[in-house]
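>
2 protein chains.
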Amino acid sequence: MTPVAQMKMDRRKTFNEFISRKRLKSTKQRDVIFDEFFGNYMGKHVTVEELYEDIKRRHPHIGFATVYRTLKLFRESGIASERNFGDGKARYEPIRDEREHHHHMICTECGKIYEFANNQVESCLNQIAKLNEFKLENHKLEIYGLCSSCRESR
Amino acid sequence: MTPVAQMKMDRRKTFNEFISRKRLKSTKQRDVIFDEFFGNYMGKHVTVEELYEDIKRRHPHIGFATVYRTLKLFRESGIASERNFGDGKARYEPIRDEREHHHHMICTECGKIYEFANNQVESCLNQIAKLNEFKLENHKLEIYGLCSSCRESR
DNA sequence: TATGATATTGATATTAGTTATCAATAATAA
DNA sequence: TTATTATTGATAACTAATATCAATATCATA
């Protein structure tokens with residue numbers, strides 16, 4: 008099995024456990040949204056609108072509100088993260104590896120989003136939280152600036 | 008002169024320069040909003056609504072839209088920063104020292120916002136940007152979790 | 001398997017934050 | 001002073017997100 012397929016299965020398991028722990032129900036709609044989200048949006052940052060439009064093509068019966076609610080469930084269950092890059096729309100991203108937290112560099116010129124991870128930053132944050140008796144649940148780090156190509160064309 | 012008064016004067020100068028550079032006009036409303044914002048909201052994270060309500064008491068003639076637009080100008084001119092802590096409302100904060108970037112710890116239970124600064128994190132970010140040929144313009148770091156008191160009462 | 005309880009769905013209404021509109025007015029340059 | 005241009009403030013419009021609710025699907029239990 009490919010690592011990606013394995014990952015997808017792991018997330019599925021996590022989500023199923025979440026569903027039964029919270030006494031929720033597993034539905035066809037949630038299955039479809041899960042497959043679409045984890046099948047086509049790994050490493051992407053999709054808005055609800057975009058995902059809905061995409062799903063509608065092959066599943067026109069699935070409603071907008073359901074996509075909204077399901078993405079919220081994905082976040083709650085810890086298999087997706089919600090981001091906001093300042094354009095007013097929430098973006099969702101499948102979580103690949105819950106241990107390795109990654110961050111974003113956003114080009115203010117072309118809007119491209121680059122990802123990076125850094126152990127040193129992570130350990131700094133853990134230290135800071137510890138020092139302030141803060142129980143770290145989540146964190147977000149975003150760098151805004153000019154990417155190399157936009158920099159040149161200035 | 009106290010350091011705070013000095014800082015306020017510096018921001019005023021920066022803003023005036025911005026105004027004349029962009030061929031904008033200086034108005035009584037902008038003066039009032041500047042004084043209120045820099046007089047009462049140092050180290051705070053005020054929403055437009057809150058600032059408007061506060062100003063309205065002594066200056067009932069000043070409109071809501073003007074406060075909005077003026078805070079945007081403050082941000083554009085570099086004397087205020089805009090933040091979003093996930094509750095859907097933009098928050099504005101006067102910039103104290105443009106060299107020392109600080110960050111936020113947000114308690115997911117009580118909503119309190121704690122600030123911190125860390126040189127090690129800053130230099131990490133500079134390195135990362137350099138490595139990726141990215142011209143760093145700005146960055147945001149937020150830690151979400153439980154503060155010490157909320158942690159105890161669980 | 002049938003039944004009853006309960007969660008979900010999807011269409012749509014509502015809310016909330018923000019931005020756009022525009023005529024009246026104020027600030028600035030000539 | 002006059003002409004030009006930006007600003008103001010009331011309000012409308014817009015947009016993302018959430019709430020509503022009757023119909024339906026899911027699931028636990030008998």
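One line per chain: the protein sequences are A and B, in this order.
Counting in the numbering used here, the first sequence runs from 8 upward without gaps.
Counting in the numbering used here, the second sequence runs from 8 upward without gaps.
We treat Cβ as the ideally placed atom computed from N, Cα and C, and that holds for glycine.
Note down, in chain order, all residues in the region 72 to 85 of chain B with a beta-carbon under 9 Å from any beta-carbon belonging to chain A.
none
> Between Arg158/A and chain B, is any beta-carbon pair separated by less than 8 Å?
Translated into positions along the first sequence, residue 158/A becomes position 151. Contact of Arg158/A with chain B is assigned, a C-beta pair being separated by under 8 Å.
> With 7 Å as the limit, tell me which residues of the region 117 to 130 of chain A have their beta carbon closer than that to any beta carbon of chain B; keep them in chain order.
Tyr121, Phe123, Asn125, Gln127 and Val128
> Check the Cβ-Cβ distances between Gly50/B and every residue of chain A, and say whether any is below 8 Å.
On the second sequence, residue 50/B is found 43 positions in, with the first residue counted as 1. Cβ-Cβ to chain A under 8 Å: no for Gly50/B.
> DSSP three-state call for Thr54/B: helix, strand or coil?
Position 47 of the second sequence, counted from the start, is the residue given in the question as residue 54/B. Looking at Thr54/B - three-state DSSP - the assignment turns out to be strand.
> Ignoring anything shorter than 3 residues or poking outside the region 69 to 125 of chain A, list the beta strand (DSSP E) runs there in chain order.
87 to 91, 97 to 101, 110 to 114 and 120 to 123
> Distance, Cα to Cα, Phe44/B vs Lys20/B?
By 1-based counting over the second sequence, the position of residue 44/B is 37. By 1-based counting over the second sequence, the position of residue 20/B is 13. Approximately 15 Å, taken between the alpha carbons.
> Tell me which same chain residues have a C-beta within less than 6 Å of the C-beta of Gln36/A, skipping the five on either side of it?
One-based indexing of the first sequence puts residue 36/A at position 29. Excluding sequence neighbours, Gln36/A sits near Ile69 and Thr73.
> Would Ile86/B and Arg18/B qualify as a contact pair, given that the criterion is a beta-carbon distance under 8 Å?
Within the second sequence, residue 86/B is the residue found at index 79, counting from 1. Within the second sequence, residue 18/B is the residue found at index 11, counting from 1. It is a contact, given that the beta carbons lie within the stated cut-off.
> Out of curiosity, what's the CA-to-CA distance linking Cys117/B and Gln134/A?
Position 110 of the second sequence holds residue 117/B. Position 127 of the first sequence holds residue 134/A. Rounded to whole angstroms, the gap between the alpha carbons of Cys117/B and Gln134/A is 22 Å.
> Ignore the nearest five residues each way along the sequence and tell me which others in Arg2/B's own chain have a CB closer than 8 Å to its CB.
Chain B is shown from 8 up to 161; residue 2/B falls before or after that span and cannot be answered.
> Under 9 Å between beta-carbons, which chain B residues line up against Thr155/A? List them in chain order, please.
In the first sequence, residue 155/A corresponds to position 148, counting from 1. Here the sequence assigns Ser to residue 155/A, which means Thr is not the residue at that position. Under the 9 Å cutoff, chain B gives Asn139, Glu140, Phe141 and Lys142.
> Using DSSP's beta-bridge definition, name the partner residues of Asn145/A.
On the first sequence, residue 145/A is found 138 positions in, with the first residue counted as 1. Under DSSP, the beta-bridge partners assigned to Asn145/A are Tyr151/B.
> Nearest chain A C-beta to Met112/B closer than 8 Å, yes or no?
Here residue 112/B is taken as the residue at index 105 of the second sequence, counted from 1. Yes - at least one Cβ of chain A is within 8 Å of the one on Met112/B.
> Taking Tyr151/A as the query, report the chain B residues whose CB atoms sit under 9 Å from its CB, ordered along the chain.
Here residue 151/A refers to the residue found at position 144 when the first sequence is read from its first residue. Neighbours of Tyr151/A in chain B, taken as residues whose beta carbon is under 9 Å from its own, are Leu143, Glu144, Asn145, His146 and Lys147 in chain order.
> So which residues of chain A does Ala136/B contact, with C-beta pairs closer than 8 Å?
Here residue 136/B refers to the residue found at position 129 of the second sequence. Neighbourhood of Ala136/B in chain A, by CB distance below 8 Å: Met112, Ile150 and Gly152, in chain order.
> Quick check: the Cα distance between Cys114/B and Ser160/B, rounded to an integer number of angstroms?
The count along the second sequence starts at 1 and reaches residue 114/B at position 107. The count along the second sequence starts at 1 and reaches residue 160/B at position 153. Straight-line Cα distance between these residues: approximately 13 Å.
> Reducing DSSP to helix, strand and coil, say where Pro67/B ends up.
Along the second sequence, one-based indexing puts residue 67/B at 60. Of the three classes helix, strand and coil, the one that applies to Pro67/B here is coil, per DSSP.
> If you compare alpha carbons, which of Asn145/A, Gly152/A and Glu140/A is closest to Ala136/B?
The count along the second sequence starts at 1 and reaches residue 136/B at position 129. Ranking Asn145/A, Gly152/A and Glu140/A by Cα distance to Ala136/B puts Gly152/A first.
> Tell me which residues share the same chain as Arg103/B and place their Cβ nearer than 8 Å to its Cβ, disregarding the 5 neighbours each side in the sequence.
Within the second sequence, the letter at position 96 stands for residue 103/B. For Arg103/B, where only same-chain residues beyond five positions count, the Cβ hits under 8 Å are Met14, Met49 and Gly50.
> Is Phe123/B closer than 8 Å to His108/B when the C-beta atoms are compared?
Reading the second sequence from its first residue, position 101 is the one you call residue 108/B. Reading the second sequence from its first residue, position 116 is the one you call residue 123/B. Result no, Cβ atoms of His108/B and Phe123/B do not sit closer than 8 Å.
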